[in-house]
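No gaps in the numbering here: position 103 of the sequence shown is 103 in UniProt numbering, and each next residue is one more.
Glycine is no exception: its CB is placed at the ideal position from the N, C-alpha and C atoms.
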Amino acid sequence: MRCSSLLPKSHSPPRRERRGDTMLGMIKNSLFGSVETWPWQVLSKGDKQDISYEERACEGGKFATVEMTDKPVDEALREAMPKVMKYVGGSNDKGIGMGMTVPISFAVFPSDGGSLQKKLKVWFRIPNEFQSNPPVPSDDSIKIEERESITVYSLQFGGYAKEADYVARAAQLRTALEGIATCRSDVYFCTGYDPPMKPYGRRNEVWLVKA
């Protein structure tokens, strides 16, 4: 993965209004489904042991990333996600909101026994309109990185997902894929599609990376 950085920020009242309007619009779009989806191609589908999964080829591109260490996954995610949302909503050198791309994913790193290490990395795919020249984050803990395409096996589930839910689903998917596919054991991705204020019809996924 190659890091690239990118762009002065006005504090004038008109820009603040636009940023606020953009953030409200972003939340509304997230609630009602008017958002951009991370481009991928479904390569195959499978059913085994009462679960349904997809094999997907996910496009690469530029991503806004935040790394957190030394904290449990749920706590780290509560700190990392507002950083990304502020960047998306206009906390950047152009002072503009970019809209949402879903899902937002975060990489987690299993320990022996299946529990997760105290670190994660959030990946937000920059919307297509800004892929060629992403706004520079105002928060220097956010990095812009180029990521190559990946092939994953995805398992979807609902509810408000916590670390334990992702761990359980990842184990379930890994078991279902035995004898079918080989996936990386050192990292996998947890994804979410919905804002916190959406109470019903929530969509989460675990992605095991094809080796």
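Residue i, DSSP secondary structure in three states
i: residue 172; result: helix
i: residue 64; result: strand
i: residue 92; result: strand
i: residue 177; result: coil
i: residue 204; result: strand
i: residue 53; result: strand
i: residue 76; result: helix
i: residue 221; result: Residue 221 cannot be examined here, being either before or after the span of the chain that is shown, 1 to 211.
i: residue 71; result: coil
i: residue 188; result: strand
i: residue 107; result: strand
i: residue 135; result: coil
i: residue 86; result: helix
i: residue 166; result: helix
i: residue 59; result: coil
Contact under 8 Å by Cβ, residue i with residue j
i: residue 119; j: residue 109; result: yes
i: residue 148; j: residue 60; result: yes
i: residue 179; j: residue 103; result: no
i: residue 64; j: residue 144; result: yes
i: residue 213; j: residue 139; result: Because the chain in this structure spans residues 1 to 211, residue 213 falls outside the shown range and cannot be described.
i: residue 85; j: residue 76; result: no
i: residue 105; j: residue 190; result: yes
i: residue 101; j: residue 146; result: no
Nearest residue (CA-CA) to residue i, options the options
i: residue 241; options: 84, 197, 40, 117; result: Absent from the model: residue 241. The displayed extent of the chain is 1 to 211, so no value can be given.
i: residue 62; options: 166, 56, 187, 126; result: 126
i: residue 42; options: 134, 131, 58; result: 58
i: residue 208; options: 197, 183, 202; result: 183
i: residue 199; options: 211, 185, 161; result: 161
i: residue 80; options: 45, 201, 46, 142; result: 142
i: residue 74; options: 112, 99, 167; result: 167
i: residue 83; options: 115, 47, 123, 164; result: 123
i: residue 99; options: 164, 38, 47; result: 38
i: residue 186; options: 78, 113, 56; result: 113
i: residue 163; options: 201, 40, 194, 78; result: 78
i: residue 165; options: 115, 55, 40, 70; result: 115
i: residue 66; options: 196, 107, 177; result: 107
Residue environment, residue i, which counts as buried when at least 16 other CB atoms sit within 10 Å
i: residue 137; result: buried
i: residue 153; result: buried
i: residue 97; result: buried
i: residue 32; result: Because residue 32 carries a pLDDT of 40, less than 50, the predicted location of this residue cannot be relied on, and the following value inherits that uncertainty. Residue 32 comes out exposed.
i: residue 205; result: buried
i: residue 211; result: exposed
i: residue 134; result: buried
i: residue 201; result: exposed
i: residue 194; result: buried
i: residue 121; result: buried
Next on the checklist: With three or more C-beta pairs closer than 8 Å as the rule, is the region 43 to 53 touching the region 167 to 180?
Outcome noted: Touching, per the Cβ criterion.
Checklist entry - For the region 85 to 100 against the region 150 to 164, are there 3 or more C-beta pairs whose distance is under 8 Å? => result With the cut-off at 8 Å, the region 85 to 100 and the region 150 to 164 do not touch.
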